[in-house]
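Okay, so the sequence shown: first residue is -13 according to the numbering used here, each after it adds one. Each remark here refers to the structure printed beneath this line.
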Amino acid sequence: MSQDFVALTLIFFFAALVFVPLFKKLGLGSVLGYLAAGLLLGPSGLTVVSEADSILHFAEIGVVILLFLIGLELQPRRLWSMKRSILGLGGLQVALTAALVALAVCMFVTNITVAVLIGLIFTLSSTAFAIQLLAEKGHLTTVYGRNAFSILLFQDIAAIPLLAVVPILAKGEIQFHQEQMLHILKIVLFFVLFLTLGRYAIRYLFRYVANTKSHELFIAASLFLILGVSYIMQEFGLSMALGSFLAGLLLSDSEYRHQLEVAMDPFKGLLLGLFFMGIGMTMDMNLLKSQLGFVLVGVVALFISKTLVVYMMGRMHKLNHISSLQMGLVLSQGGEFAFVLFGLAAEVQILTKQEASLFIIIVSLSMVLSALAFAFNERISPILQRNKKLEFDTIENDNTEVIIAGFGRVGQIPARLLRALGKSFTALELDAEQANVVRKFGYKIYYGDAGRLDLLEAAGAQSAKYFVLAIDDVESSVACAALVKEHFPNLRVFARARNREHVHRLMDVGVTDIWRETLASSLELSDELLKAMGMTDQKRQQIIDSFVKSDVETLLEQHKEYTNEDAIRTIANRSTQQLHELLRDSEDIK
């Protein structure tokens, strides 16, 4: 290993350690930190790296791994359930944005076909960039985050035909010759074989590797699969990212999904960081200075058009103003496919090298502007909304069996168990700050009032089976329970109660499955105390069971007159005496 390579690696890591924490502390995100580090190290900065293109090509593996992990998250049934948002939102965004940009480009380009191509390329947003922004803010599981992801997914798929069309446009005509038809047939055949035989071959490979119980071999097999499928895709003239996405999709419902996520996540983070540093390195600052006016107009026009189109689509899909704007800002930049497509267009002489370089600079700066605008919006929104009532999230009905009302210290426990079991649920939380905090841990949760009939209907209460009532406030809890029992008799309610009075009030509205939040922990504490006092397991269990039985009977008896304090006190005293008599003859009680 040469000393130059070691020195260069050290410089990369040092730049990342300096810039990324600084930019994150300023609230600008890690992506801008990597871009700034790359700009400093590249030919337009300190010229530590002279061949930035080769670094960028290598770092594209980070994007490939990112798409593999995205594929892992998309189980086929989930992908099918997203078909409306992928085709509807994604298709509309690509069509509208491409039309707007193409019209603007027609002022500078006489060839309409080339103008449309440029419009389509600028339509593509950066999957790596947007996912990174959403993940850092914990917004991936929000409604707007999932809609943004659907649009990104459609864009990634749309990039594939663009890669095939660019070389054909270079010939000045779009017609399919025998050689091209044969090439398309080969691609179709590969897809069919990969999607049918690949599922079994890949699972057999990982079953074989898993039996070796070697973590290193599992990582090697994962990288072999991702890079191997991506290489084959590239040989067919298709997107490497699509190949890795398909490989992840085939393994999305396998028993190795979580292990693969853990194995690949560190590689994704490092290589994505290097990818964004590579983008910063490739920016030609001399060209930027000479064409500053054109570039600035291009960046602002691209930013406004993409933000505006996505914002309007968000409002059409009944997202609130804040969520629609956030979705617009997170998709307002050009994408990583633009670097490939503009480079290819220059290579086949559809564009001049200078034109391609200018467009690449516009894409790079659009990422900077997008990150700045998103960070500014994150800071200013809470201030602007401080004296306004926040709009509730738009709830998507995912046809889940379980609805959780209240996502505090109690509601999170069943949610964690369901998540560990791979069971989906819909959660509602009235505290907006709590909802935002929980989202950062990857939970799909909506800011909304479970005591509103329209929100419960939107959450799918008509078709759900179970309702976990974990609301902290007693009045809100009882009101919600009454609403659910009246309008959704199909739901079995599992309710949390703060105290005995809360239990009585829940029973009044028809709830029967009720758990007092401190009872179980108090019984466990008592059991450990009796154990420390030398009592046998059998005797402890007998005493605990007797106490629970007596307590439940007392509670049920008190419910008949729980508004009468004297009656409650009389029943409690009688119950205590009965319990004492029941346990009086025990040899262990002194």
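By construction, the Cβ of each residue, glycine as well, lies at the ideal position given by its N, Cα and C atoms.
| Check | Outcome |
| --- | --- |
| Extent of the continuous alpha helix (DSSP H) to which Phe323 belongs | 322 to 333 |
| Boundaries (first-last residue) of the beta strand (DSSP E) holding Asp435 | Careful: Asp435 lies outside any beta strand (DSSP E) and carries neither H nor E. |
| Length at least 4, wholly inside the segment 515 to 552: the alpha helix (DSSP H) runs in chain order | 523 to 545 |
| Among Gly392, Lys535, Lys254, nearest to Val464 - alpha-carbon criterion | Gly392 |
| Presumed contact (8 Å Cβ cut-off) between Ala483 and Glu503, rounded CB distance | 7 Å |
| Cβ-based burial, Ser410 [other Cβ within 10 Å; buried from 16] | exposed |
| When Thr338, Asp417, Arg189, Lys426 are compared against Asp458, the one with the closest alpha-carbon | Asp417 |
| Buried or exposed by the 16-neighbour rule on C-beta atoms within 10 Å, applied to Ala206 | exposed |
| Through-space distance from Ala81 to Val17, alpha-carbon basis | 28 Å |
| Range covered by the alpha helix (DSSP H) that runs through Asp494 | 486 to 494 |
| Contacting residues, own chain, Cβ-Cβ under 7 Å from Arg243 (five flanking each side not counted) | Leu58, Leu237 |
| Thr83 - containing beta strand (DSSP E), residue span | Looking at the DSSP string, Thr83 is not in any beta strand (DSSP E); the run it does join, the alpha helix (DSSP H), is 77 to 91. |
| Same chain, Cβ closer than 8 Å to Asn272, neighbours up to 5 away in sequence not counted | Ser30 |
| Segment contact flag, the segment 300 to 318 with the segment 130 to 142, C-beta cutoff 8 Å, min 3 pairs | yes |
| Exposure label - Lys11; buried when at least 16 CB within 10 Å | exposed |
| CA nearest to the CA of Lys430, picked from Gln524, Lys292, Glu539, Gln420 | Gln420 |
| Enclosing beta strand (DSSP E) for Tyr452 [first to last residue] | 452 to 455 |
| Same chain only: Cβ atoms within 7 Å of Lys578, ignoring 5 sequence neighbours per side | Since the displayed the chain opens at -13 and closes at 576, residue 578 lies outside it and no answer follows. |
| Check whether Lys586 and Ser276 have beta carbons under 8 Å apart | Any question about residue 586 goes unanswered here, given that the chain covers just -13 to 576. |
| Nearest residue (CA-CA) to Gly229, options Leu110, Gln118, Ile212 | Ile212 |
| Backbone secondary structure at Ala381 - three-state DSSP | Strictly speaking, residue 381 in this sequence is Ile, with Ala absent from that position. It is coil, neither helix nor strand. |
| Given 8 Å, three or more beta-carbon pairs between the segment 441 to 448 and the segment 396 to 416 | yes |
| DSSP state of Thr412 mapped onto helix, strand, coil | strand |
| Own chain residues within Cβ distance below 6 Å of Phe345, not counting five before or after | Phe328 |
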